[in-house]
Amino acid sequence: MDSLSQIVLGAAVCGIVSRQPLRRSLIYGAALGTLPDLDVFVLGHLDPVEQFVRHRSFSHSLFVLSAIALPLAWLLRRWDASLRNMTARRWSLAVWLTLVTHPLLDACTVYGTQIWWPLMPPPTAWSNVFIIDPLYTLPLLAACVIAWRSQRRAMPALAVGLVTAHAYLLFGLIAKQHVERQVISTLQARAASYDVVLATPAPFTTLLWRVLVRTPDGHSEVWYSLLRGTSQPFELVPIGRDTALRASLPALPALATLQWFSRGYLKAEVVNNRLRVADLRMGAEPDYFFAFEIAEHDGSGWHSMTPQRVEMQRPRLARLKQIVERL
């Protein structure tokens with residue numbers, strides 16, 4: 033999720049667990065809530081593909097964060113005497129929960145979070161909320177503001193904020209499963225061939241979903257609005273017919289890495305004799321947030337190259353208009 037969401041989540045969790053000293057707990061929670069994302073400062077030497085897949089890896093591991101929670105809590109308590117007003121056990125619990133809720137929230141997006149690192153299953157991506165969603169963030173932000181201003185109202189406000197925000201995440205998970213079932217039902221009714229279906233929320237809402245459908249010859253997408261239900265037209269739009277191209281490629285390390293990270297939701301195409309691969313889960317045709325050139329053709333065959341990030345076009349007002357129309 034975005035940094036503000038992680039800050040207010042960390043502050044709310046740390047504040048409601050540690051209770052006293054309240055304002056210091058909110059500050060420490062906000063800082064600890066952003067700590068895992070500092071991995072971006074140690075990945076700069078890697079190529080763009082490695083940066084892409086290693087973000088949210090070791091720094092978002094439940095194992096790593098659990099291992100550092102106790103010594104970090106001890107150091108903070110030793111450094112700040114005001115934290116000794118609570119038991120060491122309570123403060124350690126507050127630090128641990130603040131740290132581990134960060135990757136769990138990130139796992140709710142479609143990007144992919146390696147919560148089990150150094151084990152290497154495909155990254156966890158429940159995709160039940162967009163990376164920025166005010167309906168998740170605002171209840172926590174309001175709760176933290178109330179807690180900062182009023183000690184008497186702090187605990188009820190934090191409790192209500194946490195329950196409200198995470199009820200919204202639960203709604204997103206239920207909505208995602210509903211949308212996927214509806215799309216699968218329609219595909220089966222049409223006797224359409226498909227392998228897997230993945231629903232991802234549209235920007236800033238869980239009422240509109242973009243659904244990726246993997247077919248024998250590539251991928252297609254369809255949009256589904258909860259407000260319109262089954263009354264909306266079902267238009268399955270091809271976005272990648274690359275099976276033949278990918279079958280002709282040699283073993284490319286960067287392609288294998290991206291295949292693992294994205295669970296196969298990739299589109300490959302040739303642009304100016306270079307192989308361009310885009311992660312279909314983030315963005316929409318033809319603009320994707322993460323696209324890379326990873327190989328080039330010299331006339332005799334494909335050869336790996338140092339991956340280069342392909343910058344997508346900046347978000348356009350037309351995109352927002354499309355979202356409103358589809359909703």
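Those letters in the sequence shown? Residues 33 to 359, per this note's numbering, in order.
Yeah, the Cβ is synthetic: ideal placement off N, Cα and C, and Gly gets one too.
Could you check whether residue j and residue i sit closer than 9 angstroms to each other, using their CB atoms as the reference points?
i: tryptophan 241; j: leucine 219; result: no
i: aspartate 34; j: histidine 134; result: no
i: glutamate 301; j: aspartate 274; result: yes
i: proline 155; j: phenylalanine 293; result: yes
i: alanine 120; j: alanine 105; result: yes
i: alanine 63; j: arginine 313; result: no
i: leucine 58; j: glycine 47; result: yes
i: valine 45; j: serine 98; result: no
i: glycine 193; j: threonine 130; result: no
i: threonine 247; j: serine 225; result: yes
i: alanine 286; j: leucine 298; result: no
i: glycine 315; j: methionine 344; result: yes
i: alanine 43; j: cysteine 176; result: yes
i: threonine 66; j: glutamine 38; result: yes
i: arginine 122; j: arginine 116; result: no
i: valine 161; j: glycine 204; result: yes
i: serine 93; j: tryptophan 149; result: yes
i: isoleucine 178; j: alanine 186; result: yes
Pull up the DSSP beta-bridge partners for residue i, would you.
i: tryptophan 241; result: Pro233 and Tyr256
i: leucine 145; result: Before going further, note that residue 145 is threonine rather than leucine in the sequence given. Paired residue(s): Thr156.
i: glutamate 301; result: Arg308
i: serine 320; result: According to the sequence provided, residue 320 is tyrosine. The question's serine does not apply to it. For tyrosine 320, which the question treats as bridged, DSSP gives the partners Gly315.
i: valine 342; result: Ala323
i: serine 336; result: Ala327
i: arginine 246; result: His251
i: valine 269; result: Glu253
For residue i, count the other beta carbons within 10 Å of its own beta carbon; 16 or more makes it buried, fewer makes it exposed. Which is it?
i: glutamine 183; result: exposed
i: histidine 335; result: exposed
i: valine 356; result: exposed
i: methionine 118; result: buried
i: aspartate 138; result: buried
i: serine 114; result: exposed
i: serine 91; result: buried
i: aspartate 165; result: buried
i: proline 270; result: exposed
i: histidine 251; result: buried
i: arginine 86; result: buried
i: alanine 189; result: buried
i: glycine 144; result: buried
i: leucine 54; result: buried
i: serine 159; result: buried
i: alanine 276; result: exposed
i: leucine 284; result: buried
i: alanine 223; result: exposed
i: glycine 333; result: exposed
i: glycine 261; result: exposed
i: glycine 331; result: exposed
So residue i and residue j are in contact, right, with Cβ under 8 angstroms, and what is the actual spacing, rounded?
i: valine 303; j: phenylalanine 324; result: Their Cβ separation, rounded to whole angstroms, is 11 angstroms, which puts valine 303 and phenylalanine 324 out of contact at 8 angstroms.
i: tryptophan 255; j: arginine 181; result: With a Cβ gap of about 42 angstroms, tryptophan 255 and arginine 181 do not count as contacting.
i: glutamine 146; j: arginine 88; result: 6 angstroms
i: alanine 231; j: glutamate 212; result: 5 angstroms
i: leucine 41; j: leucine 172; result: 6 angstroms
i: aspartate 79; j: proline 339; result: 5 angstroms
i: valine 367; j: valine 229; result: Since the first and last residues shown for the chain are 33 and 359, residue 367 lies out of range.
i: threonine 289; j: valine 49; result: In fact, because the Cβ distance is near 38 angstroms, the residues do not count as touching under 8 angstroms.
i: isoleucine 326; j: leucine 352; result: With 8 angstroms as the limit, isoleucine 326 and leucine 352 do not qualify as a contact, their Cβ atoms being about 31 angstroms apart.
Discussion item. Does the contact criterion of 3 or more C-beta pairs under 8 angstroms hold for the stretch 205-218 versus the stretch 73-93?
Written reply: Output reads no: the stretch 73-93 does not touch the stretch 205-218.
Discussion item. Across the stretch 219-230 and the stretch 184-201, are there enough close Cβ pairs to call them in contact, namely three or more that are closer than 8 angstroms?
Written reply: No contact exists between the stretch 219-230 and the stretch 184-201.
Worksheet item: Would you call the stretch 228-241 and the stretch 262-270 in contact, with 3 or more CB pairs under 8 angstroms?
Response: The stretch 262-270 and the stretch 228-241 do not touch, with fewer than three beta-carbon pairs separated by less than 8 angstroms.
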